[in-house]
Each structure stands twice: as C-alpha cells, then as structure tokens.
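Residue numbers (the numbering used here), protein chains in the order written: chain A, 1 to 455; chain B, 1001 to 1386.
Cβ atoms here follow ideal geometry from the backbone N, Cα and C, with glycine treated the same way.
Computed from a predicted model, the values in this text were never measured in an experiment.
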Amino acid sequence: MLAHPELEKASEKSTDVDPYYLKKYAYLKAHGFFTKPKPTKFAVLEESIVEDNIRNIKQVVFEVTDSCNLNCTYCAFGELYEGYDERISKKIDTRKAIHLLKFIFDLKPKKKNDKLAISFYGGEPLLNMQFIKQIVEISKQLNLVKQFDLEYTMTTNTTLLHKYIDFLVTNNFRLLISLDGNEKCHSYRTFSKDKKNSFQKVIENLDILQRDYPEYFSTNVSFNAVLHNRNSIKEIYDFIYTRYNQIPRISELNTRNVRSCNKNILDSMYQSVAKGEAEFRKEDSDLTRLTHRNSLLFSELTNYLKYVSINYYISNIRELLYNIERQLPTSTCTPFSKKILLTNRNKLLPCERIDYRYSMGKVNEDIELDISEITEQYNFYYKHIQKFCQTCYAYRYCGSCLFHIENIDKANEEGFVCQHFQNQEDFRNKLKNIFTFLEKYPKDYAEILKNVVIE
Amino acid sequence: MMIMKKVSDYWFTLEPYVFVDIKNKHALLYNTLDGVIIESANDKIIKILHETLQEENCGVTLLTNEQYQQKEINCFICELREKFMGDVIDVSLSNGKPVQMLPFYNYSKEQELYKKNNFSSYKNVLEKLFEISLHIDVTTNITKLIHFLATLPKNLTFNIIGNMEGVLNYSELLSYLDQYSSPKNLLCSYKNLIALQPIFENNFSYQISVCFPIDAERWNRVMEILLSQTLPAEFVFEVSSEDDVQQSEQLIEQYQIDKYQLKPNYTGNNICFFEEEVFLSKEDILSTSLTMKDLFARQAMNTYDFGKINIMPNGDVYANLNHPLLGNIYANNIHEILHKEVEEGKSWLRVRNQAPCTDCVYQWICPPPSNYEIIVGRPNLCHVKE
C-alpha cells in the first residue's frame, strides 16, 4: 500500500516520528500489518484432480520424430545439454499414438465447443508428414461423435514448409515459427548437412505463405525467438514486426541440464531477457510502445495483480469460499491439466518442457497411467519443497515448475534448496520494480484486471 | 487533529482495505479492518472520491492546496485520517504521481469479469464444485446415483436429504460415501430420523429439521436415538411466528441443545413476522463485520449457492431448487451440468444487482440474496429501501 514516509519511519522505530503515524502504525499492527508472516499452509494434490485432468485433456502433443534437419547450437536436444533421450532418428509409433488418441476421445466427456488441441512437436515435425496426415484424418473421424472444437498446432523451423503449405492451411493449423530475427540473429540455426544458416530458406517459405495465404498468415502464424549473444530484443522485434507484422514471443536459452563441460559456451551465448528488455526500453519508440504488453515487467505486473495483490480473488473465485487457501506449493500445473505428451519412445509426460526422465506413464498395449503413483510422486515433491514455500514471499506465485527446480528428485535429502526462494529483500526489490513500472503506466492496472486472462 | 498548514498540494488516497461505494450523490466508505464507516453527501467530497476511483488515476488523485483548505474537504480528510481510512501526502515527498492498488470493484461488468477469469474452457469447472445435496426417496436408483458420484471429486461435502426409512438400499449409498473423509450430513425431519449403523460413522452428522407443532412422541424418539450414538447433530427449527421462536427456545433450553439454528419459514401469510425478524435495517446491515474478502465474494457469487448442486430422486439436477433445471444425471455428465449453470444458470452467480439495491449505497455490505427474496417475491428484504 501507498505509505506516507512518516509511517515508514514509524515501522522502522525511528525517533522523531510524527505522532499521527505512530498511532497509525499501532493501529495497523493491531490489525495484522507489520507482523512476521505466519508459515503458509498448503493443500495436497488429490487423485480426483489428476483423474479429472486426464478425463478432460485439452491438448495432446505428439513428439513426431526426434530427427531434425537443423542442428541449432543451443537446441535442448543438442550437444550442449543432457537429460533427454538419445536422438536416434526415431519416428513416433503411429499405432500407439492412435491408441492414445482413441483413449482420449473415449474418455473426454462430450461438451459442445470444448477445445481439444492436437499438437505436433519434434525434432522437426514436418520430417514425418505421413504421421501428421494420418492423425489429422483419424482425429476428424473420431470427432464426428464428440464434436469438439478441434485445433491442430505445430512448432516448426519452416525449412520444409513449402512442401506442405496447402495441407496445413486447409486444416487450419496454428504454426509456431522459430525465427531469431534477421540473418545475423538467426545464425545459430544452421542446417545439419552443411552447417549453413537456415535463414534464407525460412524467409523464403514464410514469404510464400504470407503471399499466398495472407489472412491465414495473420491469424494462424506466430513466432518464437530465442535471445542470445548474436541478437537483441530490438533486432528481433524490428525484423519480425517489420517483415511479418507480428510480435514474437522471446525466450531465453535453457540453462538447465547443461553439460558441465559446456557451461562456458552457454555462458558466452546467454543473454537475459530482463537485461535485454531494460536496454531496449531505454528509448521510447513506436516499437517499444507496440510491444509494451509483451514486456517482462508487464508480465510481472500481471502475475502480481492476478496472483498476489488484493485483487487476487477476481481470478481465483474459488478461494473466496475457503478460510484457508487450498493452494499447492510452487506454480506447477497439476498433472495433465494443460496437456499430455507422447514421446517417440512411447513415454507419457504432462509437458514437453519436462525432462523425459520424469515420464509419468507409457503407451503399450494399454495406456499405462498409474494415477495413485503420479499423485504420490507430486505429493512427495510438494511435501519437501513446501518447507521453502512456507516462508517464501513469493509463495502465491513464484512462476516455478517443480520439474525445473534443480535436484527436485532429491528434495528429501539434506542440502536440497529451492533456488527460486524469495526472502523479504528479494520480494521488496521485485515490488519496487513492479510499482515503478505501474507509476509509469498507471492505466495498466485496470487494463490488466479487466482484459488480461491467465489460462 | 489538524494537519499542519502548508502551501503545497497533496496526493489524496484511500487505504486499500477501505471499501467505497457511491450512489446517487451519497458515498459510503467502509473500513474492513474494524467496520467503521464514513458517509458523505457533499458534492466536493464525492467528486474527489470519484476522481480517486477513476481507472487512470490508479487510486491517487491530486488535491490542490486550495481544495485542501476548504472547510468541508478538510473536515472530511481529518475524519478519514482519524479513522485510518485514507491520507494526504505532500507532493514534494514523491518524485512523481504515486499509485495505490485499490480493490477493483464496482466495475459495471463484474460478473463478466469473474466469468472470463474463472470459467473459460481452459479452467476446470469441477474445481468450483464443493457440495452436493442428494435428495433421496423410494424412487431413487441408488446404483445409478453411485455411478454418477464416482465421476465427481472425492473431497466434496455430501448432504443426504430425505426420509431414508423407505429407501431399500440406502446403506449401499452410505457405504459408498463412507470411504471418503469429507463431511457427510444426513438432513431429515425429526419425524423420520433413523439410527445410523456404527460402521457409518466416518465424518457423518445429522441435521435435523423441526417444524411446529411438535409431535412429542417422535421428538422423544429422536432424543433416544441421539443418546444411543455419538454422531454430532444440529437442529434446525423452522419458525413461522413468534410463538414458534418461543417454543424453539424452550426446547433448546429444556434439552440443552448446543448446536442449532432458527430458520424463518415463509408461509405466505406471515410477512409481518418476516418484516420483524428477517428484514434488515441500516443498523443491522452495518453491524456485521466484513472483510475485503467478504466484499469480493458478495460481488462475485451467491455465497449460499455457489459450488453447490442438488440431485433429485429422479436424477434431475438444480443449483437451487427455486431455479430452472440444469440437467439430469442419467443424460448429462457433470461438466455439461456445471457449464449450463455458469452459462445460463441463475444461482451460482446471483448477486445483489437488481433494483432497488443497485441504487443503494449498502448494496454490497448487505448479505447476498437468499431464497427468501425468491419466496417472498421481493429483490430486497430490508427497511432501507421500502
């Protein structure tokens, strides 16, 4: 809350404080302010939630193949990293993928306009187009009964896009394109065969798509750029917006599971989005104004307003019913609440961003998902991480996924720490940034509360 | 206490724990920390409050020295500060215009705001369900009912309502519910209370309704049954008159009943009793201590009905028995039923947003609309807006 400087002095037990603020301080203290926070109590995950998540899957992701025609220097499945299944040019088992698809269609209750996304992920998914075509065909047949709002999505490097444009457009695919900016910016994304920059081919294909299907392009194509030492936020926005009229999502290089021998290489390539943003937003330009809502601080303010501030209840109506919140530790999605991933090794995971060693089931002759075991596993992590969460100032929203916390599988061992823990000082700094941003853009307050919905 | 005279301008702000409502040139400020209020009908003060609440002002407005010196504004600020409900800060103490994160309410489309934030197709509507009332009679198909219950979360509160005596395999239902640790309430009239087998004592309790006149023989039987077992029991005395109230009090005293409620019962011809006992005066409304969370709840949902459904003996489902049917458990799955309530229903999101309450400054301080409003046929049961 906005506090008079004298109130701050009173809280710091300074001398020579305006008596009114001494009185106000005492009043607020008597009503629970300025007291040491009580350790937060957390809920446990219940099997029924996992069961229900599986019954109502919203997205099925297929790791179509682990092959890729590019060999991007920073690829999470490349030489810099460990912790993934070895890349052996293996395609997904179509029979098992269909088995999973039928299982989901059978299980998911019929509900008018309920969304079901079917997503293709790789490697480069377009290297196994036969599979994609089969799945599209079968899902359409299965959907004759259930009538879901079916949507196909794909993450692609676009170098093979020219071969399949008509099919993708006809089936209204949503495409997430990996593009790091202009030719120099994109230079880590090279072809496997000759190590040449893939930029020209990517641009050529995107230009064709935009020229032949301009409407489709504007509604169904989005971009993801990786920030590193060969590009900058300004260059990324500048190139992609100028050429394709789109604001890309910008992500950082993955800093988890880096092979110890490659740490220096990664360090030299790494650039934080926060720093890059700060640099980019030093000047006021059309581009900074245009990308205001994509800025990191806008996102932090959003998370603060939606998960922490007094207006928390607007997006957490359920909590209004309980005296004690029923929150689970960390910001981890409950298992399969967002999606289910089938890998090319028949493993089932709740997300493609989780190490495959945390696989939570398999597709064999049956769909093997042991709900009790999955629930128990999550509760094991929750039980051990919550000793940090209980006194963490960011306990309501830390943005951390359990599976991205180092050594989470050793959470019960001595010496385990949560590297995302925020003490009072960390949180104070965070608030300072958020409030400084809001002072500069006060209209964002109502704008976020009214118009931004976190899915 | 008077603030020192300065020539400077001020930032005026309200504290985030203060609830503000302005209707028809009448402002109410309610301190959710201690229930203290300030009311004002002064144009200048209302203008300042309106400015403070304007979205682009983000909880802070400029108060010029000239405004500050005006008697009525100065008095208002003194009262506001005395009650710790707001403050003025010399503009020279900050580099720019500060912000205050006030609760975001009185937004004209609150219901849409809550709907889009909480009930999109990406959110699990089952997480909002927390209580089921099972209305049982001889026609209930217990096996099919259990089959439906198996598709629901296991942490719900269950109310089993009706005369169990006639239901052949009710113990099958109780056995099913017994495996869950969540609360299970057996709601019945004192005239047909049954003794529960000791094996069903996992978090079961009785809620016994009592209508007048009392059947002494059956009342005594209830007392015997309750003495013979350890289940907690709550009595609900359905009172239609002052006489019923007195009789209830006698029974409570005579049998030393410590857990009970007196529930007014509208018969169609006892409106005077309701006006006396149920209708709220301004003092009644303001006597309740409300937290900011309570105030959010009153604008977001109907706290009597939200998260609850009723399943009738034939499988029909209602969120509130006074409102339209949502579906049937033999034909619809739980998601279809709950989505119908969210999209078209009248119960979960029924808030006090009808005239004359919309013109009343106590609109959100007042309790949410209950079944009495529906039965009596009036949107407000108060003496504030007669």
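Residues near residue i by beta carbon distance below 7 Å, same chain, minus five either side
i, result
"B:GLY1327", "VAL1317, GLU1336, ILE1337 and LYS1340"
"A:GLU406", "GLN419"
"B:ILE1248", "Rather than Ile, the amino acid found at residue 1248 of chain B in this sequence is Ser. Excluding sequence neighbours, B:SER1248 sits near PHE1237, VAL1239 and LEU1262."
Residue i in three-state terms, based on DSSP
i, result
"B:TRP1219", "helix"
"A:LEU83", "The displayed chain sequence assigns Gly, not Leu, to residue 83 of chain A. In this structure, A:GLY83 counts as coil in the three-state DSSP scheme."
"A:MET129", "helix"
"B:THR1358", "helix"
"A:GLU151", "strand"
"B:PRO1264", "strand"
"B:ASN1353", "coil"
"A:SER400", "coil"
"A:THR219", "helix"
"B:VAL1317", "strand"
"A:GLU137", "helix"
"B:SER1094", "coil"
"B:GLU1131", "strand"
"A:LYS410", "helix"
"B:GLY1162", "strand"
"A:HIS228", "strand"
"B:TYR1328", "Sequence inspection shows Asn at residue 1328 of chain B; the Tyr mentioned does not correspond to that position. Reduced to three states, the DSSP call for B:ASN1328 is strand."
"A:TYR307", "helix"
Whether residue i touches residue j by CB criterion (8 Å)
i, j, result
"A:ARG189", "A:PHE223", "no"
"B:ASN1057", "B:GLU1066", "no"
"B:LEU1113", "B:PRO1016", "no"
"B:SER1181", "B:ASN1163", "no"
"B:ASN1155", "A:SER48", "yes"
"A:THR456", "A:GLN59", "The question about residue 456 of chain A has no answer, for chain A in this structure spans 1 to 455."
"A:PHE167", "A:THR153", "no"
"A:PRO5", "B:LEU1093", "yes"
"A:TYR241", "A:LEU296", "no"
"A:ASN477", "A:GLY181", "Here chain A comprises residues numbered 1 to 455, so residue 477 of chain A is not present and cannot be evaluated."
"B:ILE1136", "B:TYR1170", "yes"
"B:GLN1023", "B:CYS1360", "Per the sequence shown, residue 1023 of chain B should be read as Lys rather than Gln. Contact flag set, yes."
"B:VAL1088", "B:LEU1063", "yes"
"B:GLY1315", "B:ILE1329", "yes"
"A:ILE92", "A:VAL64", "yes"
"A:THR332", "A:CYS401", "yes"
"B:VAL1239", "B:ASN1265", "yes"
"A:ASP114", "A:PHE148", "yes"
"A:GLU151", "A:ALA117", "yes"
"B:LEU1014", "B:GLY1086", "yes"
"A:THR170", "A:LEU126", "no"
Cut-off 6 Å between Cβ atoms - residues of its own chain near residue i, not counting five sequence neighbours on either side
i, result
"B:LYS1259", "GLU1234"
"A:PRO350", "PRO335 and PHE336"
"B:ASN1185", "ASN1159, SER1205 and GLN1207"
"A:ASP66", "ARG87, LYS90, GLY123 and ASN344"
"A:PRO329", "PHE42, TYR382, ILE385, GLN386 and CYS389"
"B:ALA1027", "SER1040, ILE1046 and LEU1049"
Bridge partner(s) assigned by DSSP for residue i
i, result
"B:GLN1207", "B:LEU1187 and B:GLU1234"
"B:TYR1030", "B:PHE1019 and B:ILE1037"
"A:TYR445", "Answer is none; A:TYR445 lacks a bridge partner."
"A:GLN59", "A:ALA117"
"A:GLU368", "A:LYS362"
"B:ASP1087", "B:THR1013"
"A:LEU176", "A:THR155 and A:SER222"
Heavy atom of the ligand MN within 7 Å of residue i beta-carbon
i, result
"B:ILE1257", "No copy of the ligand MN occurs in the structure displayed, which carries no ligand at all."
Cβ-based neighbour list, residue i, same chain, cut-off 8 Å, excluding 5 preceding and 5 following
i, result
"B:CYS1357", "GLN1363, CYS1366, PRO1379, ASN1380 and LYS1385"
"B:PRO1183", "THR1157, PHE1158, ASN1203 and SER1205"
"A:LEU320", "TYR313"
"A:ASN379", "VAL44 and LEU45"
Test: residue i CB closer than 8 Å to a CB of chain E
i, result
"B:GLY1096", "Although the question refers to chain E, the structure presented lacks it and instead comprises the protein chains A and B."
Under 8 Å, CB to CB, which of the residues in the stretch 1046-1076 of chain B have a partner in chain A? GLU1055, GLU1056, ASN1057, CYS1058, GLY1059 and VAL1060
For the stretch 1306-1331 of chain B, list every residue whose C-beta sits within 8 Å of some C-beta in chain A, in sequence order. PHE1306 and GLY1307
By the 7 Å beta-carbon criterion, what residues does the stretch 1112-1136 of chain B contribute toward chain A? Answer in chain order: LEU1113, TYR1114, LYS1116, ASN1117, ASN1118, SER1120, SER1121, TYR1122, ASN1124, LEU1126, GLU1127, LYS1128 and PHE1130.
At a Cβ cut of 7 Å, what residues of the stretch 418-446 of chain A count as close to chain B, listed as they run along the chain? PHE435, LEU438, GLU439, PRO442, LYS443, TYR445 and ALA446
When you check each C-beta in the stretch 102-118 of chain A against every C-beta of chain B, which residues fall closer than 9 Å? PRO109, LYS110, LYS111, LYS112, ASN113, ASP114 and LYS115
Please identify, using Cβ separations under 8 Å, the residues of the stretch 324-336 of chain A that lie next to chain B, in order along the chain. Of all residues in the stretch 324-336 of chain A, none has a Cβ within less than 8 Å of some Cβ in chain B.
Near-chain B residues of the stretch 305-320 of chain A (beta-carbon distance less than 7 Å), N- to C-terminal order: Legend: CB atoms of the stretch 305-320 of chain A lying less than 7 Å from CB atoms of chain B belong to residues SER309, ILE310, ASN311, TYR313, ILE314, SER315, ILE317, ARG318 and LEU320.
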